[in-house]
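Novice: For the sequence shown, our numbering gives the first residue as 30, with consecutive numbering after it.
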Amino acid sequence: MSWLHQQGVVPSSEMGDYLGTRWVNYTDPEGNMFGIVDKNGSR
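1. Quick check: what's the CA-CA separation for Tyr55 versus Gly45?
2. Under 8 Å by Cβ, that's how I've got Thr50 and Val38 pegged, so tell me the actual separation to the nearest angstrom.
3. Please state whether the Cβ-Cβ distance between Ser31 and Met62 is less than 8 Å.
4. Taking 7 Å as the cut-off, does the CB of Tyr47 come closer than this to any heavy atom belonging to the ligand COA?
5. Taking 8 Å as the limit between beta carbons, can you name the residues of its chain near Gly64, skipping five residues before and five after?
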């Protein structure tokens, strides 16, 4: 995750959590949005 921050990618939302799946959305410096999903985790 530190590599993403070095590239200027920042979280654009709080971490979500539902039925054992958690996710967070990110935005890069050009305004593109993407998400990272962990289907095996919990907080």
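We put the CB at the ideal spot given by N, CA and C, even for glycine.
Specialist: With the given structure in hand:
1. Taking the sequence shown and counting its residues from 1, the one referred to as residue 55 is at position 26. Taking the sequence shown and counting its residues from 1, the one referred to as residue 45 is at position 16. Near 12 Å, if we compare the C-alpha coordinates of Gly45 and Tyr55.
2. As a first step, residue 50 is located in the sequence shown; it is residue number 21 there, counting from the start. As a first step, residue 38 is located in the sequence shown; it is residue number 9 there, counting from the start. Actually they are not in contact, since the Cβ atoms of Thr50 and Val38 sit about 21 Å apart, beyond 8 Å.
3. Walking along the sequence shown from the start, residue 31 turns up at place 2. Walking along the sequence shown from the start, residue 62 turns up at place 33. The answer is no: Cβ separation not under 8 Å.
4. The ligand COA is not among the ligands present in this structure, which contains no ligands whatsoever.
5. For this step, residue 64 is matched to residue 35 along the sequence shown. Once the five neighbours on either side are set aside, the close Cβ partners of Gly64 are Trp52, Val53, Asn54, Tyr55.
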